[in-house]
Amino acid sequence: MVKRIFILFFIVILGGCSIIKDDTIINNSNTNEFEGLEQEKVDSNTNNIEDIVPIQMDSNIIFAKPVIYLYPEEEITIKVKLDYKGELLFTYPKYDEGWEVLAKPNGDLISLKDGREYSYLFWEGDGASYEITEGFVVSGSETVPFLQERLEYLGLIPREYNEFIVYWLPLMEKNNYNLIYFVGEEYVEDAQLIIDPKPDSIQRIFMVFKGLDDKIEIPEQALQPFERHGFSVVEWGGAEIK
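Quick note on numbering: the sequence shown equals residues 1 to 242 in UniProt numbering.
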């Protein structure tokens, strides 16, 4: 069944675990595929195994709030384009075949089109589909420590993971449990960033989650650590599966 999803994205230009060398973006996200995997669904009242269901989710996704932060090593002009396999619904500042900004090391951006200062570049779009075969099942009450630990491991600094948590916490902690999956290569292919000058490293984090009434068992996803260096790109985003 195809489901609609709302997504928040923050794209931060820092250092990343996907390293850009020459013209190739090398994504280090775990891409192991699991075939024929099954999960045990546990009845929360009896603590007995209720049934076994496939671990699979196909979802039509709306990218509802991607935000791009740029952190060059020195003040430079940066051009950012988005090669997106879907329809752009909204951008801010206006996306006119790309963005061109004067970026400072502290993250401040000045649009060369209107001369105004911005904290980030924003876009919204729709038209993606992902399958979940691994991930994490986390109780709603454990959302904060889980996200703090995992997002820090993936390379986000406090400013970034706090912004992530502030947005998603109200939607996640109210659930008994959340099935959480960090999408890797598929997301990068769906929404490629073309940045000039090229960053030295890139990290793109995209979390998909679904609220659960009962706890289930699922193969745990292996995540790759992240280390920043040079002029880099860091992106974070999220999607709720209804």
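From the three backbone atoms N, C-alpha and C, an ideal C-beta is built for every residue, glycine too. Here the structure is a predicted model, which means the values were calculated and not measured.
Say whether chain B places a C-beta atom closer than 9 Å to the C-beta of residue i.
| i | result |
| --- | --- |
| ASP200 | Although the question refers to chain B, the structure presented lacks it and comprises just one protein chain. |
Considering only their Cβ atoms, is the gap separating residue j from residue i smaller than 9 Å?
| i | j | result |
| --- | --- | --- |
| VAL208 | ILE157 | no |
| SER111 | TYR69 | no |
| PHE206 | GLY135 | no |
| LEU171 | TRP123 | no |
| GLY86 | ALA191 | yes |
| TYR92 | LEU121 | yes |
| GLY184 | GLU73 | no |
| GLY125 | VAL234 | no |
Assign residue i to one of two classes, buried (16 or more other C-beta atoms within 10 Å of its C-beta) or exposed (fewer than that).
| i | result |
| --- | --- |
| ASP196 | exposed |
| PHE90 | exposed |
| PRO145 | exposed |
| ASN176 | exposed |
| PRO225 | exposed |
| GLY36 | Residue confidence for GLY36 is low, a pLDDT of 34 falling below 50, so the modelled location carries little weight; the figure read from the coordinates is stated next. GLY36 should be labelled exposed. |
| TYR71 | buried |
| PRO199 | buried |
| PHE10 | Caution is warranted here: a pLDDT of 48 is assigned to PHE10, below 50, making its placement in the model unreliable, and the coordinate value is therefore given only provisionally. Per the 10 Å Cβ criterion, buried. |
| GLU220 | exposed |
| ARG150 | buried |
| ILE194 | exposed |
| ARG204 | buried |
Distance, Cα to Cα, residue i vs residue j?
| i | j | result |
| --- | --- | --- |
| SER139 | ILE218 | 14 Å |
| ILE165 | LEU223 | 19 Å |
| ASN162 | GLN148 | 8 Å |
| VAL101 | GLY107 | 11 Å |
| SER232 | ASP83 | 18 Å |
| GLU142 | ASN178 | 10 Å |
| VAL80 | ASP214 | 43 Å |
| VAL187 | TYR130 | Note that residue 187 corresponds to Tyr in the displayed sequence, not to Val. TYR187 and TYR130: Cα-Cα distance of roughly 8 Å. |
| THR77 | ASP114 | 14 Å |
| TRP168 | VAL67 | 15 Å |
| ILE241 | LEU212 | 11 Å |
| LYS210 | ILE216 | 12 Å |
In this structure, what does DSSP give as the bridge partners for residue i?
| i | result |
| --- | --- |
| LYS81 | ILE194 |
| GLU87 | ASP126 |
| SER232 | TYR71 and SER201 |
| VAL138 | ASN178 |
Using 8 Å as the cut-off, classify the Cβ of residue i as near or not near the heavy atoms of the ligand ZN, replying yes or no.
| i | result |
| --- | --- |
| ILE218 | For the ligand ZN, the structure offers nothing, since it holds no ligand at all. |
Where in the segment 163–215 do unbroken runs of the beta strand (DSSP E), each at least 3 residues long, occur, reported from the N-terminal end onward?
177–183, 191–196 and 201–212
Minimum length 3: unbroken beta strand (DSSP E) runs contained in the segment 91–136
99–103, 109–111 and 121–130
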